[in-house]
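Protein sequence lines, in the order shown, are assigned to chains B and G. Note that the first sequence covers residues 1 to 220 in UniProt numbering. Note that the second sequence covers residues 1 to 293 in UniProt numbering. Using N, Cα and C, we set each Cβ at its ideal position, and we do this for glycine too.
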Amino acid sequence: MGAKFRSVFDIIGPTMIGPSSSHTAGAVAIGRAAYKLFNGPIKKVTVYYYESFAKTHRGHGTDYAIAAGVQGFLPADPRVPRAVELARQRGIDIRFVEEEGPSPIHHPNTAVLEVENDQHVVELTACSIGGGSIEIRQFVIDNITVQPAGPLPIIVYIDRGKQHPNAVELTGVVEKIAPFYRKQSLKGPVNDIYEFDIKNYMSAATIQQIEKQFKDVICL
Amino acid sequence: MYDSIQEIVSAATESGNSIAELIIEQECRLSGKNRDEVWQRMAVNLQTMQAAVQRGESGQGVFSQTHLTGGEAVKIKNYRTRRHPLSGDAMMAAVQGAIATNEVNAAMGVVCATPTAGSSGTLPGILFMLKERLALTEEQMINFLFTAGGVGLVIANHAGIAGATGGCQAEVGSASAMGAAAAVEAASGTPEQSAQAMSIAISNLLGLVCDPIAGLVEIPCVKRNAIGAGNALIAADLALAGCTSKIPTDECIMAMDKVGRGLPASLRETGMGGLAGTPTGQAIKARIFGNEV
Chain B
1 MGAKFRSVFD IIGPTMIGPS SSHTAGAVAI GRAAYKLFNG PIKKVTVYYY ESFAKTHRGH
61 GTDYAIAAGV QGFLPADPRV PRAVELARQR GIDIRFVEEE GPSPIHHPNT AVLEVENDQH
121 VVELTACSIG GGSIEIRQFV IDNITVQPAG PLPIIVYIDR GKQHPNAVEL TGVVEKIAPF
181 YRKQSLKGPV NDIYEFDIKN YMSAATIQQI EKQFKDVICL
Chain G
1 MYDSIQEIVS AATESGNSIA ELIIEQECRL SGKNRDEVWQ RMAVNLQTMQ AAVQRGESGQ
61 GVFSQTHLTG GEAVKIKNYR TRRHPLSGDA MMAAVQGAIA TNEVNAAMGV VCATPTAGSS
121 GTLPGILFML KERLALTEEQ MINFLFTAGG VGLVIANHAG IAGATGGCQA EVGSASAMGA
181 AAAVEAASGT PEQSAQAMSI AISNLLGLVC DPIAGLVEIP CVKRNAIGAG NALIAADLAL
241 AGCTSKIPTD ECIMAMDKVG RGLPASLRET GMGGLAGTPT GQAIKARIFG NEV
């Protein structure tokens with residue numbers, strides 16, 4: 001099991017647009033995770049907030065933060081505060097729902113995102129654990145439910161058409177350049193999904209190497 | 001990865017290295033990046049902090065969209081030129097930097113989260129005051145941030161740094177403890193004294209609740225960073241004077257975790273209890289967001 005925080009830059013950083021690292025920068029990160037997992041043009045986003053997120057999302061700028069993330073912006077992007085308008089200008093229907101009940105994953109800063117277009121839907125359940133760091137507790141792609149350990153980094157491989165040898169090769173590469181502490185393989189009717197919980201943060205070069213060598217790999 | 005403050009203090013004491021040096025080595029080991037890359041990234045964070053402080057204390061200052069906060073770093077700056085502050089000029093210089101940063105944060109400006117955005121003023125407040133007072137070089141300032149970040153990592157993994165899980169003690173309290181440890185090192189104190197300063201800083205803010213009015217990061221967050229900076233400097237001075245906490249730092253961190261878990265949800269970043277729940281707090285919320293929330 002990896003520690004929740006694994007870098008001095010989780011504590012000193014990120015450089016970000018205010019006002020809240022958990023409710024703004026962390027929310028951008030949650031939105032970005034959904035954007036990467038969806039990996040295509042987005043038509044509609046529904047955000048369900050729980051507990052502290054439900055109570056303070058308006059004051060903390062969580063709405064524009066998630067809207068920024070689902071458009072792929074980084075936390076320090078100057079467009080972050082205008083991201084809800086920008087999303088709507090791009091034709092993305094984005095809605096925010098305040099849930100009354102407790103978080104389904106027992107964390108006060110929980111958001112569940114449903115991201116969709118006419119072809120497919122991705123659902124993501126994540127929480128913001130402070131200082132801009134997040135955990136991804138569950139996502140559903142092509143009706144396959146994946147429950148990662150939580151802390152990033154996470155590598156996801158969507159094995160379209162079940163080309164098993166690719167997954168074996170990927171596992172070998174990941175083991176070598178980005179050691180993991182847990183791996184899951186989940187079988188779906190059309191595709192399989194492989195998920196790796198990685199021990200340490202990956203460098204940009206490592207991410208690039210993996211994403212270049214394997215199609216349909218997502219590094220979160 | 002260092003899993004306790006005790007481990008960090010022992011490693012620093014035995015090797016004769018600074019805490020900053022140990023944390024730089026740890027970061028290189030964990031990230032696979034070389035020393036230059038790690039150093040440069042921290043240098044950029046330092047520049048972000050410097051820019052935020054300057055922005056907050058220049059001209060008329062900055063104001064948030066709600067106008068609940070803003071302009072007070074400039075008031076402090078002017079006060080310091082007209083009067084001799086009761087708590088001393090160095091103390092109010094630190095407070096000025098802390099408030100300047102959080103005013104920029106409340107105005108949706110760019111800040112460096114240290115460890116969070118809500119507590120982003122505490123560390124720069126301390127650091128830029130010490131820059132003048134101890135004539136710190138850029139290298140020493142970057143080392144200050146590695147020390148603060150390294151001990152903060154232990155707090156984050158053993159207690160947490162989110163107001164929603166641990167209250168303000170987890171945010172401003174953590175920032176204050178990080179700043180206290182780094183201030184001791186900047187003043188050539190021992191690693192053990194850094195740990196003592198952390199213990200004292202945590203102990204003195206234990207139980208601090210997160211009660212933001214209207215769920216904004218303005219009242220009381222901006223001024224909480226003033227006390228975070230002040231508390232850190234007092235704790236650092238106490239430790240440098242040879243005063244001790246009696247409760248080991250790692251146990252203080254455990255206590256912070258337990259206290260945080262014991263706080264009701266109304267005092268953990270829900271904008272319901274504490275100052276947010278006062279008649280005036282509720283009235284401000286209604287004025288900004290209407291009565292439906």
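Give the interface partners of K55 of chain B over in chain G, defined as CB-CB distance under 7 Å, in chain order.
Stepping through the first sequence from its first residue, residue 55 of chain B is reached at position 55. The contacting residues are G215, T270, G271, M272.
Do you know whose CA, among G:V62, G:G61, G:N231, G:E185, lies nearest S203 of chain G's CA?
For this step, residue 203 of chain G is matched to residue 203 along the second sequence. Nearest option by C-alpha distance: G:N231.
Are there 16 or more other CB atoms within 10 angstroms of the CB of P19 of chain B, so buried, or fewer, so exposed?
As a first step, residue 19 of chain B must be located in the first sequence, where it is residue number 19. Buried, since its Cβ has 16 or more Cβ neighbours within 10 Å.
Determine whether the beta carbon atoms of G31 of chain B and A113 of chain G lie at a separation below 8 Å.
Sequence index remark: in the first sequence, residue 31 of chain B carries index 31 (1-based). Sequence index remark: in the second sequence, residue 113 of chain G carries index 113 (1-based). Against a cut-off of 8 Å, the Cβ pair of A113 of chain G and G31 of chain B comes out as no contact.
What residues in the segment 139-159 of chain G bring their beta carbon closer than 8 Å to a beta carbon of chain A?
In the structure shown, chain A does not exist; the protein chains are B and G.
Which word fits T249 of chain G, buried or exposed, when buried means at least 16 other C-beta atoms lie within 10 angstroms of its C-beta?
To locate residue 249 of chain G, count along the second sequence from 1; it is residue 249. Burial call: buried.
By alpha-carbon positions, which one of G:L123, G:K131, G:T165, G:I161 ends up nearest to E51 of chain B?
Taking the first residue of the first sequence as position 1, residue 51 of chain B is located at position 51. Out of G:L123, G:K131, G:T165, G:I161, G:T165 has the C-alpha closest to the C-alpha of E51 of chain B.
Under the rule that 16 or more other beta-carbon atoms within 10 Å means buried, what is K4 of chain B, buried or exposed?
Numbered from its first residue, the first sequence carries residue 4 of chain B at position 4. The residue in question, K4 of chain B, is buried, as its Cβ has 16 or more Cβ neighbours within 10 Å.
For I23 of chain G and chain B, any beta-carbon pair shorter than 8 Å?
As a working note, residue 23 of chain G is residue 23 in the second sequence. Yes - at least one Cβ of chain B is within 8 Å of the one on I23 of chain G.
Mind checking if R41 of chain G is an interface residue toward chain B, Cβ cutoff 8 Å exclusive?
By one-based count along the second sequence, residue 41 of chain G stands at place 41. For R41 of chain G, the answer is yes, since a Cβ of chain B falls inside 8 Å of its Cβ.
For chain B, is any of its Cβ atoms less than 8 Å away from the one on E57 of chain G?
What you label residue 57 of chain G is simply residue 57 of the second sequence in a count that begins at 1. Judged by the 8 Å Cβ criterion, E57 of chain G is not in contact with chain B.
Can you give me the C-alpha to C-alpha distance between T147 of chain G and A43 of chain G, rounded to a whole angstrom?
Here residue 147 of chain G is taken as the residue at index 147 of the second sequence, counted from 1. Here residue 43 of chain G is taken as the residue at index 43 of the second sequence, counted from 1. Going from the Cα of T147 of chain G to the Cα of A43 of chain G covers about 14 Å.
Checking 8 Å against the spacing of the C-beta atoms, do A117 of chain G and S103 of chain B come in under that value?
The residue labelled residue 117 of chain G in the question sits at position 117 within the second sequence. The residue labelled residue 103 of chain B in the question sits at position 103 within the first sequence. No; because the gap between Cβ atoms is not below 8 Å, this pair is not in contact.
Taking Cβ-Cβ distances below 7 Å as the criterion, which residues of the segment 13-29 of chain B are in contact with chain G?
Listed by position along the chain: G13, P14, T15, M16, I17, G18, P19, S20, S21, S22, T24, A25.
Would E100 of chain B be called buried (16 or more neighbouring beta carbons within 10 Å of its own) or exposed?
By 1-based counting over the first sequence, the position of residue 100 of chain B is 100. E100 of chain B should be labelled exposed.
Quickly, what does DSSP pair E123 of chain B with across the bridge? List them, please.
The count along the first sequence starts at 1 and reaches residue 123 of chain B at position 123. Answer by DSSP bridge pairing, in chain order: B:E114, B:V140.
So the alpha helix (DSSP H) D211 of chain G belongs to, where does it begin and stop?
Residue mapping note: residue 211 of chain G aligns to position 211 of the second sequence, counting from 1. Run containing D211 of chain G: none; DSSP gives neither H nor E here.
Is R6 of chain B close to chain G, meaning its C-beta is less than 8 Å from at least one C-beta of that chain?
Taking the first residue of the first sequence as 1, we reach residue 6 of chain B at position 6. R6 of chain B counts as touching chain G.
Of all the CB atoms in chain G, is at least one closer than 8 Å to the CB of G132 of chain B?
Translated into the one-based positions of the first sequence, residue 132 of chain B becomes position 132. Closer than 8 Å: yes.
Strictly under 8 Å for the Cβ-Cβ distance: is R58 of chain B near chain G by that measure?
Here residue 58 of chain B refers to the residue found at position 58 when the first sequence is read from its first residue. R58 of chain B counts as touching chain G.
With 16 as the cutoff for other CB atoms within 10 Å, does R29 of chain G come out buried or exposed?
Reading the second sequence from its first residue, position 29 is the one you call residue 29 of chain G. Its Cβ having fewer than 16 others within 10 Å, R29 of chain G is exposed.
Find out if the Cβ-Cβ distance for the pair I155 of chain G, S199 of chain G is shorter than 8 Å.
Counting from one through the second sequence, the residue named residue 155 of chain G turns up at place 155. Counting from one through the second sequence, the residue named residue 199 of chain G turns up at place 199. Their beta carbons are not under 8 Å apart, which means I155 of chain G does not touch S199 of chain G by this criterion.
What residue range is occupied by the uninterrupted alpha helix (DSSP H) comprising residue 294 of chain G?
One cannot answer for residue 294 of chain G here, as it falls past the ends of chain G, which runs 1 to 293.
Reducing DSSP to helix, strand and coil, say where S185 of chain B ends up.
In the first sequence, counting from the first residue as 1, residue 185 of chain B sits at position 185. Strand.
Judging by CA-CA distance, which residue of B:G172, B:E175, B:P151, B:R79 is the nearest neighbour of A33 of chain B?
As a first step, residue 33 of chain B must be located in the first sequence, where it is residue number 33. Minimum Cα distance to A33 of chain B is reached at B:P151.
According to a CB-to-CB cut-off of less than 9 Å, which residues of the segment 101-122 of chain G neighbour chain B?
Flagged, chain order: N102, V104, N105, A106, A107, M108, G109, V110, V111, C112, A113, T114, P115, T116, A117, G118, S119, S120.
I'd like to know whether the C-beta of V293 of chain G is nearer than 8 Å to at least one C-beta of chain B.
Against the second sequence, residue 293 of chain G aligns to sequence position 293. With a pLDDT of 46 at V293 of chain G, under the threshold of 50, the modelled position of that residue is not reliable, and the figure given next carries that caveat. Yes, its Cβ sits closer than 8 Å to a Cβ of chain B.
Starting from the C-beta of A159 of chain G, find all residues in its chain whose C-beta is less than 7 Å away, skip the five residues before and the five after it, and write them out in chain order.
What you label residue 159 of chain G is simply residue 159 of the second sequence in a count that begins at 1. G166, A170, I253, M256, D257, G260.
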